[in-house]
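A short write-up of the structure that comes next.
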Amino acid sequence: MNSSRVNLEKLSAEIRCQVIGMSHRAKTPHLGSSLSCVDLLVGLYWEFLRIGPAQANSPDRDRLILSKGHAAPALYAVLSRKGFFPETLLMDYGKDRAALAEQPSPGCAPGVEWATGSLGHGLSAGIGMTLAARIQKRNYRTVVLLSDGECNEGSVWEAAMFAAAQKLESLTVFVDYNKWQATGRSEEVMALAPLRDKWDSFGWEAREINGHSFPEICDVLKLAAATGRQKPLAIVAHTIKGRGVSFMEDDNNWHYRIPNEDEVKKAEKELLDV
Amino acid sequence: MRNAFAEEITRLAQERQDVVLLSGDIGNRLFERFKEIAPARFFNCGVAEANMVGVAAGMAACGLRPVCYTIASFLTYRVVEQIRLDLGYHHQRVILVGTGAGLSYASLGSTHHSVEDMGMLRLIPGLAVLAPGDAMELRPALRAAFDYPGPVYLRIGKKGEPVIHAKEPDFKIGKGLRVREGTRAWILSLGNTLPLALEASDLLKAQGIDCAVASMGSLKPLDTALLKEVFESSKVVLTLEEHSVLGGLGTAVAEWKAANPSKAKLLTFGTPDQFLHETTHQASARAWAGLTAQRIADGIAKNLS
Numbered sequence: 001m002n003s004s005r006v007n008l009e010k011l012s013a014e015i016r017c018q019v020i021g022m023s024h025r026a027k028t029p030h031l032g033s034s035l036s037c038v039d040l041l042v043g044l045y046w047e048f049l050r051i052g053p054a055q056a057n058s059p060d061r062d063r064l065i066l067s068k069g070h071a072a073p074a075l076y077a078v079l080s081r082k083g084f085f086p087e088t089l090l091m092d093y094g095k096d097r098a099a100l101a102e103q104p105s106p107g108c109a110p111g112v113e114w115a116t117g118s119l120g121h122g123l124s125a126g127i128g129m130t131l132a133a134r135i136q137k138r139n140y141r142t143v144v145l146l147s148d149g150e151c152n153e154g155s156v157w158e159a160a161m162f163a164a165a166q167k168l169e170s171l172t173v174f175v176d177y178n179k180w181q182a183t184g185r186s187e188e189v190m191a192l193a194p195l196r197d198k199w200d201s202f203g204w205e206a207r208e209i210n211g212h213s214f215p216e217i218c219d220v221l222k223l224a225a226a227t228g229r230q231k232p233l234a235i236v237a238h239t240i241k242g243r244g245v246s247f248m249e250d251d252n253n254w255h256y257r258i259p260n261e262d263e264v265k266k267a268e269k270e271l272l273d274v
Numbered sequence: 001m002r003n004a005f006a007e008e009i010t011r012l013a014q015e016r017q018d019v020v021l022l023s024g025d026i027g028n029r030l031f032e033r034f035k036e037i038a039p040a041r042f043f044n045c046g047v048a049e050a051n052m053v054g055v056a057a058g059m060a061a062c063g064l065r066p067v068c069y070t071i072a073s074f075l076t077y078r079v080v081e082q083i084r085l086d087l088g089y090h091h092q093r094v095i096l097v098g099t100g101a102g103l104s105y106a107s108l109g110s111t112h113h114s115v116e117d118m119g120m121l122r123l124i125p126g127l128a129v130l131a132p133g134d135a136m137e138l139r140p141a142l143r144a145a146f147d148y149p150g151p152v153y154l155r156i157g158k159k160g161e162p163v164i165h166a167k168e169p170d171f172k173i174g175k176g177l178r179v180r181e182g183t184r185a186w187i188l189s190l191g192n193t194l195p196l197a198l199e200a201s202d203l204l205k206a207q208g209i210d211c212a213v214a215s216m217g218s219l220k221p222l223d224t225a226l227l228k229e230v231f232e233s234s235k236v237v238l239t240l241e242e243h244s245v246l247g248g249l250g251t252a253v254a255e256w257k258a259a260n261p262s263k264a265k266l267l268t269f270g271t272p273d274q275f276l277h278e279t280t281h282q283a284s285a286r287a288w289a290g291l292t293a294q295r296i297a298d299g300i301a302k303n304l305s
């Protein structure tokens, strides 16, 4: 188990390097937001989701919706690493007419479940998929990854109440709680705290974890896999925007800033030389 | 019309295991039978229309055929981004059924009027916009919506509208229905104004003017073959709808006519580009908008002379 966790950390570092390279080459923003959810995605794809390239279109596959579509580079890098598509697609990311765009379009690549980019849509779609499993008597799980800024959207809370009313225990939400939104501290903009209590009071089983700790991510995923809860599960994952690169961490300039060549080299050194 | 909808959707749910009905906390009694035959496929989604449409999109992505039902104004204005992205962009086969079309709920005030809905939704690529003229037309329109390879907005009236068609017409998406033949003028009616169109045609007949009437139940796609015939064969064409003169059938026909010049005169009858601040009954609201048989007949007669 220990060695596999070491591997997850190494994997995360490599994926972060890819994401940084993609932002640099394509000159696309939202790097900080992508880096904050890499560990969650790695945990989900390597320790939880029953899905792979061979089941990309299977009706029984588990589903992950990246509702914070602006973190698409992190999802693309994870899917590529999982073998859903060749790494060459990542090299073309963000180019004119490339399959992989700054925000995912419908059916843009195998493994991308939902086109997002406008916040507050993914959870409702995920609920629809979860209810479809119930109606069609399938056993798949659905996971929706939200950003904390996204929780500003009223539609998230409409969806939250409905999922609780429907007792959707095979639905799990992760909130990538990096404490920043595009132009300010998420707490100052919309008084998000206490975020775990909000989900709890909306009728969800709510947990808080360190979203960069693989032991904590893996533990909470065991809970997500358990049945009999009669409630959907919300995991408020405390994260750091720009995680993994000292000069990006918790600096909201990296919501829009694009790293230059020197910065890419410095970041790679920090991530891979550990 | 809404009782016909409830009967038809219940029948479809009996036939097909993929039909799911989502309601925005209305029509509880209306769907008693549906809930009996398919309890696991009925969802009261509460007063949360945006979520309802997103949920339907997720279901459709898994192969189900969801139908969302609530008051037209709440189903459309509030939810336009979900309709655009979750249904349009994703091309999900969800049917939106908006009840209380146009000025049906006039007495509830402008919050409940839906006179810009079709104009807004007509802009969304791949989404069909249907507004049947009566309960007979609604049933085949709903079945056609299930066969349509994309999302559909089906705008229906309330209860107790006059039934015009003697039997179920051959409704096809993209086709108008000829309801009355005539030679000198045409009224093209969209949705629940069909009885009014016939009333106006009666008034014209009394003056010796032979005026044809069509129910243009498919606003998008539009029956351009019928438009071609109508504009070639008559001097005056009048569009009629309980919808703003901006964006609906009048606009769609004017757009077509701009690209297909014709000597025939086009008159567009609909609600004006303003809110109705008075609380009125539907008939008064129509009168406020100039949607009366007399005004329609006068408009046609004046332009023929």
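Just so you know, the protein sequences line up as chains W and C, in that order. Be aware that the first sequence starts at 1, since it is given in the working numbering, and climbs by one per residue. Be aware that the second sequence starts at 1, since it is given in the working numbering, and climbs by one per residue. For each residue, glycine too, the CB sits at the ideal point set by N, CA and C.
Cutoff 8 angstroms: residue i Cβ touching any chain C Cβ
i                            : result
glutamine 18 of chain W      : no
glutamine 230 of chain W     : no
isoleucine 135 of chain W    : yes
asparagine 2 of chain W      : Below a pLDDT of 50, predicted positions are generally treated as unreliable, and asparagine 2 of chain W, at 49, falls in that range; the measurement from the model is reported next regardless. Not one chain C Cβ lies under 8 angstroms of asparagine 2 of chain W.
phenylalanine 162 of chain W : yes
alanine 159 of chain W       : yes
leucine 272 of chain W       : no
lysine 10 of chain W         : no
Any C-beta of chain W under 8 angstroms from that of residue i
i                        : result
methionine 59 of chain C : yes
histidine 90 of chain C  : yes
arginine 155 of chain C  : no
leucine 21 of chain C    : no
cysteine 62 of chain C   : yes
Distance CB(residue i)-CB(residue j) smaller than 8 angstroms
i                         : j                         : result
valine 67 of chain C      : valine 97 of chain C      : yes
alanine 267 of chain W    : isoleucine 20 of chain W  : yes
arginine 90 of chain C    : alanine 57 of chain C     : The sequence given here places histidine at residue 90 of chain C; arginine does not occur at that position. Yes, they are a contact pair.
glutamate 168 of chain C  : methionine 136 of chain C : yes
lysine 241 of chain W     : glycine 32 of chain W     : yes
proline 59 of chain W     : arginine 141 of chain W   : no
glycine 133 of chain C    : serine 189 of chain C     : yes
glycine 119 of chain C    : asparagine 192 of chain C : no
threonine 224 of chain C  : valine 245 of chain C     : no
glycine 69 of chain W     : alanine 26 of chain W     : no
leucine 127 of chain C    : leucine 87 of chain C     : yes
asparagine 252 of chain W : methionine 190 of chain W : no
First through last residue of the alpha helix (DSSP H) which encompasses residue i
i                         : result
threonine 251 of chain C  : 249-259
alanine 301 of chain C    : 293-304
tryptophan 204 of chain W : It is not in any alpha helix (DSSP H) - tryptophan 204 of chain W carries neither H nor E in the DSSP assignment.
aspartate 117 of chain C  : 117-122
valine 245 of chain W     : Careful: valine 245 of chain W lies outside any alpha helix (DSSP H) and carries neither H nor E.
tyrosine 45 of chain W    : 38-47
Limits of the unbroken beta strand (DSSP E) element including residue i
i                         : result
glycine 98 of chain C     : 95-99
glutamate 7 of chain C    : No beta strand (DSSP E) contains glutamate 7 of chain C, which is instead part of the alpha helix (DSSP H) from 2-15.
isoleucine 187 of chain C : 185-190
glutamate 242 of chain C  : 236-244
glycine 270 of chain C    : 265-271
proline 66 of chain C     : 65-71
leucine 123 of chain W    : Segment 122-136 is the alpha helix (DSSP H) holding leucine 123 of chain W; no beta strand (DSSP E) there.
alanine 101 of chain W    : Premise fails: alanine 101 of chain W is in no beta strand (DSSP E) and is neither H nor E.
histidine 214 of chain W  : The displayed chain sequence assigns phenylalanine, not histidine, to residue 214 of chain W. No beta strand (DSSP E) holds phenylalanine 214 of chain W; the alpha helix (DSSP H) holding it covers 214-225.
lysine 220 of chain C     : 218-220
Minimum Cβ-Cβ distance from residue i to chain D less than 8 angstroms
i                     : result
serine 155 of chain W : The structure shown has no chain D; the protein chains it does contain are W and C.
Beta-carbon separation (whole angstroms), residue i vs residue j, contact threshold 8 angstroms
i                            : j                      : result
phenylalanine 174 of chain W : leucine 145 of chain W : 5 angstroms
leucine 90 of chain W        : alanine 77 of chain W  : 6 angstroms
leucine 21 of chain C        : arginine 2 of chain C  : Rounded, the Cβ-Cβ distance is 13 angstroms, inconsistent with contact.
aspartate 200 of chain W     : alanine 237 of chain W : Actually they are not in contact, since the Cβ atoms of aspartate 200 of chain W and alanine 237 of chain W sit about 15 angstroms apart, beyond 8 angstroms.
phenylalanine 282 of chain W : alanine 226 of chain W : The requested residue 282 of chain W does not occur in the structure, where chain W is confined to residues 1 to 274.
Near the ligand NAP: residue i beta-carbon under 7 angstroms from a heavy atom
i                        : result
glutamate 199 of chain C : Inclusion of the ligand NAP in the displayed structure is not the case, the ligand content being empty and no account of it being possible.
Check: the stretch 103-133 of chain W: which residues have C-beta closer than 7 angstroms to a C-beta of chain C, in chain order?
Finding: Within the stretch 103-133 of chain W, the qualifying residues are Pro106, Ala115, Ser118, His121, Ser124, Ala125, Gly126, Ile127, Gly128, Met129, Leu131, Ala132.
Notebook entry, point to check: Looking at chain C, which residues of the stretch 245-263 of chain W have a Cβ within less than 7 angstroms of any of its Cβ atoms?
Noted result: Correct list: empty, as no residue qualifies.
Check: Looking at chain W, which residues of the stretch 40-59 of chain C have a Cβ within less than 7 angstroms of any of its Cβ atoms?
Finding: Ala40, Arg41, Cys45, Gly46, Ala48, Ala50, Asn51, Gly54, Val55, Ala56, Ala57, Gly58, Met59
Margin query: Using a Cβ-Cβ cutoff of 8 angstroms, what residues of the stretch 75-87 of chain C are near chain W? List them in chain order.
Written below: Close to chain W, meaning a Cβ-Cβ distance shorter than 8 angstroms, are the following residues of the stretch 75-87 of chain C: Glu81, Gln82, Leu85, Asp86.
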